[in-house]
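A.B. asks: Supplied in structure tokens, the structure appears directly below.
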Amino acid sequence: MDVLVVCRGGLKGLPEAVEATWPQAMVRTCVVHLIRAANRFVADHDRKAVCRSLRQVYGAAGEEQARKALDGFRQSELGRRYPSVAATWERAWDRFTPFLQFPPMLRRVACTTNSIESLNYQLRKVSRNRSQFPNDQAAVKLLWLDICDIEDKRARQREKADKGRRHKGECRLIEGRVTTNWKQALAQLAAAYPERMEPYI
């Protein structure tokens, strides 16, 4: 098994564990987590302006442009008022910059861990209610049934929001099918890692 890219939040020790298990994997910081961490000490009324300025950093075409945008933010009035914002990005720079080598389509698909965290949160709610399982298979079955339930709920919510405009197919396990621009992102991954992607396509 191979892993190309691991997008992480702030979990300590994950990069080392991933690099020990899959030495070729790229471990990078979740952009959304980085923005949240940078805004931790920013006043509420300035957060939108700070986020707007940071968009030039994570939306840059490459590392050099991102560095210029971060330096520009640091010199701006907001940057002088909130020096912790630029310091947060500096601390995460080595884990952020691999993100910039990807084309824009792939960046949009793989920029955040939010969807996985949402699923994990819902699975933790179920597993927390059961203190022990008779065996591993019982735990896997419980998680599988909960994933099916989560997917059914999401499908019902989408159908309700779309009011019949969407294809009315089977509800169960369709979340991955509607990932926006996934086919284009997969094509870009295949172009970036041809020898590693070939066995799986």
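Mapping to the working numbering: the sequence shown position 62 is 622, numbers consecutive. Think of the CB as a built atom: it goes at the ideal place given N, C-alpha and C, for glycine as much as any other residue. Since the model is a prediction, treat every value here as computed from it, not as a measurement.
1) Measure the C-alpha to C-alpha separation of H605 and D654 and round it to an integer number of angstroms.
2) Do the stretch 582-598 and the stretch 619-634 make contact, defined as three or more Cβ pairs closer than 8 Å?
3) Where does the unbroken beta strand (DSSP E) through T589 begin, and where does it stop?
4) Tell me the DSSP secondary structure of V578 in three-state form.
5) Could you give the uninterrupted runs of the alpha helix (DSSP H) lying entirely in the stretch 636-689, keeping only those of 4 residues or more?
6) Can you look up V592 in the DSSP assignment and give me helix, strand or coil?
7) Nearest to V565 by CA position, among A580, P575 and M586, is which residue?
8) Nearest to L638 by CA position, among K628, G619, A626 and L614, is which residue?
9) Would you mind stating whether V591 and Y618 have Cβ atoms separated by less than 7 Å?
10) According to DSSP, what are the bridge partners of V792?
11) For the putative contact between W582 and V602, defined by C-beta atoms under 8 Å, what is the C-beta separation to the nearest angstrom?
12) Would you identify the three-state DSSP class for Q692, choosing helix, strand or coil?
13) Excluding five sequence neighbours on each side, which residues of the same chain lie with their C-beta closer than 7 Å to the C-beta of R612?
14) Measuring only the C-alpha atoms, how far is K572 from T589?
15) Measure the C-alpha to C-alpha separation of R667 and R716 and round it to an integer number of angstroms.
16) So, is F656 buried or exposed, given that buried needs 16 or more other C-beta atoms within 10 angstroms?
C.D. replies: Checking against the coordinates, here is how it stands:
1) Against the sequence shown, residue 605 aligns to sequence position 45. Against the sequence shown, residue 654 aligns to sequence position 94. The alpha-carbon atoms of H605 and D654 are separated by roughly 30 Å.
2) Contact fails: fewer than three Cβ-Cβ distances are below 8 Å.
3) The residue you call residue 589 lines up with position 29 of the sequence shown. Per DSSP, T589 belongs to the beta strand (DSSP E) from M586 to T589.
4) Walking along the sequence shown from the start, residue 578 turns up at place 18. Correct three-state label for V578: helix.
5) List check, alpha helix (DSSP H) in window: 637-641, 643-651, 653-656, 664-669 and 674-689.
6) Translated into the one-based positions of the sequence shown, residue 592 becomes position 32. When secondary structure is reduced to three states using DSSP, V592 falls in the helix class.
7) Counting from one through the sequence shown, the residue named residue 565 turns up at place 5. Here the closest residue by C-alpha is M586.
8) Here residue 638 is taken as the residue at index 78 of the sequence shown, counted from 1. Among K628, G619, A626 and L614, the Cα nearest to that of L638 is on L614.
9) Position 31 of the sequence shown holds residue 591. Position 58 of the sequence shown holds residue 618. Yes; because the gap between Cβ atoms is below 7 Å, this pair is in contact.
10) Because the chain spans 561 through 761 in this model, residue 792 falls outside it and cannot be assessed.
11) Translated into positions along the sequence shown, residue 582 becomes position 22. Translated into positions along the sequence shown, residue 602 becomes position 42. The C-beta distance from W582 to V602 rounds to 35 Å, too long to meet the 8 Å contact threshold.
12) Here residue 692 refers to the residue found at position 132 when the sequence shown is read from its first residue. When secondary structure is reduced to three states using DSSP, Q692 falls in the coil class, being assigned neither helix nor strand.
13) Taking the first residue of the sequence shown as 1, we reach residue 612 at position 52. Short of 7 Å from the beta carbon of R612, and not among the five residues preceding or following it, lies no beta carbon of its own chain.
14) One-based indexing of the sequence shown puts residue 572 at position 12. One-based indexing of the sequence shown puts residue 589 at position 29. Distance between the alpha carbons of K572 and T589: 12 Å.
15) For the purposes of this step, residue 667 is taken as the residue at position 107 of the sequence shown. For the purposes of this step, residue 716 is taken as the residue at position 156 of the sequence shown. Approximately 28 Å between the Cα atoms of the pair.
16) Within the sequence shown, the letter at position 96 stands for residue 656. Answer is buried; the Cβ neighbour count reaches 16.
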